[in-house]
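Heads up, the sequence shown is in numbering that gives the first Met the number 0, so the first residue is 0 and it goes up one at a time.
Note that the Cβ used here is the ideal one computed from N, Cα and C, for glycine as well.
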Amino acid sequence: MKVMTVFGTRPEGVKMAPVIKALEKREGVEQVICITAQHREMLDQVIDLFGIKPDYDLNIFKPGQSLTDITTNALKGLEDVIKKEKPDVLLVQGDTTTVFAGALAAFYQKVRIGHVEAGLRSGNLYSPYPEEANRKLTGVMADFHFAPTEKNRENLLKEDYSDEKIFITGNTVIDALKYAVKDDYEFEDERLNRIDFQNKRVILMTSHRRENLGEPMENIFTAVRDAIEGFDDVHVVFPVHLNPKVREIADRILGNNPKVSLTEPLDYAPFTNLMARVALVVTDSGGLQEEAPALGKPVLVIREETERPEGVEAGTAKLVGTSYLGVYNNLLKLLQDEEEYHRMAKAVNPYGDGTASEKIVDVLQKMVR
């Protein structure tokens, strides 16, 4: 069996890395690794961390690239690789533009497609944008749907996908966490090493989504600033996205606050080890909604809807929206109400037990002939 894995961004790299490692261990499997480098620097960091050596690097990244640029450049580059390698199955992960282009390139060459992390749905085609459309379009072309949860499976069944092609595996991000988080980890940024995680309640915040730019982001940052004001033992660490619009708002609202550390974006290893030490997470990220529960961290989701409702239903995450009062009141409650905090921190992680990658490879070896 020849398996071609395609990915192009840091989140894809993190979640595909355990699958690549699982494929490496199996007899009778030939693997071809192709990266589009939709993101360049952040993807390279993940490749180095997991010791992945791509067979093909399309290197499509360019400053100011549009979604059309990414799609067309990835599609053309992948066409050439697929024609040359002739894989039995092509794996894509998640919902980026690389995922959609990878699936489309495989479909055009009549190569079977495995979609890792299939079945996530927000119900709003423009939120998250363009991810909701990417994952739905990929699903139409996929032959194997590797759904992290039962809820994801149900979403696919509602869209009339065959149950025989859906496989519940858990999420591979849990597999990746096992690899990355270390008790004795030392940060390169000395500001992080100096934080007293034992006696301070540290909040990890991230915010970068397109739909939150502007007024929603201003509401979020102002609410966080105001909510922590009355607590001497609370500190916020905010690795700020490279988007200049995000940076401008963060600097203006949080930049001179002694209770807030604005850092550069963190590589996967320092980021996950930071998350393992904080008290709670405030985020609009999709992946963090899966990772933080695995580490026992309550998550306040600063979005209007989520394609990951399992965490909300399990009680480990709470969808708080982007209004000032929604963020302020929910963060204040977690800081003031010890019982509520522990209820969320001890909720059962709904995203699997760290064996998703092995389950995916098991299915491929059974189904791909």
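Three-state secondary structure assigned by DSSP to residue i
i: GLY113; result: strand
i: GLU26; result: coil
i: PHE145; result: strand
i: GLY288; result: Correcting the residue identity first, residue 288 is Gln in this sequence and not Gly. DSSP places GLN288 in helix when its eight states are reduced to three.
i: THR4; result: strand
i: ALA316; result: strand
i: ASP225; result: helix
i: THR305; result: coil
i: ASN123; result: strand
i: VAL18; result: helix
i: PRO129; result: coil
i: TYR55; result: strand
i: PRO264; result: coil
i: LEU212; result: coil
C-beta contact flag for residue i and residue j at 8 Å
i: LEU90; j: VAL5; result: yes
i: THR171; j: LYS14; result: yes
i: THR282; j: THR205; result: yes
i: LEU294; j: ALA313; result: no
i: LEU94; j: LEU119; result: The sequence shown places Asp at residue 94, not Leu. It is a contact, given that the beta carbons lie within the stated cut-off.
i: THR137; j: PHE196; result: no
i: MET366; j: PHE143; result: yes
i: LEU77; j: ALA104; result: yes
i: THR168; j: ALA141; result: no
i: LEU363; j: VAL2; result: yes
i: VAL18; j: ILE301; result: no
i: LYS296; j: VAL311; result: no
i: ASN328; j: LYS317; result: no
i: GLU304; j: ASN154; result: no
i: GLU306; j: PRO349; result: no
i: PRO127; j: SER121; result: yes
i: ASP174; j: GLY353; result: yes
i: VAL277; j: ILE227; result: no
Residue(s) in a DSSP beta bridge with residue i
i: LYS85; result: Paired residue(s): none; LYS85 is not in a bridge.
i: ILE165; result: HIS144
i: PRO233; result: The sequence as given places Val at residue 233; Pro does not occur at that position. Paired residues: ARG200.
i: ILE32; result: THR4
i: VAL280; result: LEU203, VAL298
i: VAL139; result: The partner list for VAL139 (beta bridge, DSSP) is empty, contrary to what the question assumes.
i: PRO238; result: THR262
i: VAL91; result: HIS114
### Task
Take every Cβ of the region 30 to 47, pair it with every Cβ of the region 254 to 262, and state whether three or more of those distances are shorter than 8 Å.
Output reads no: the region 254 to 262 does not touch the region 30 to 47.
### Message
Restricting to runs no shorter than 4 residues, where is the alpha helix (DSSP H) found entirely within the region 318 to 361?
### Response
Runs of the alpha helix (DSSP H) inside the region 318 to 361: 323 to 335, 337 to 344.
### Query
Is there contact here, the region 233 to 253 with the region 149 to 167, by at least three beta-carbon pairs under 8 Å?
Verdict: no, contact absent.
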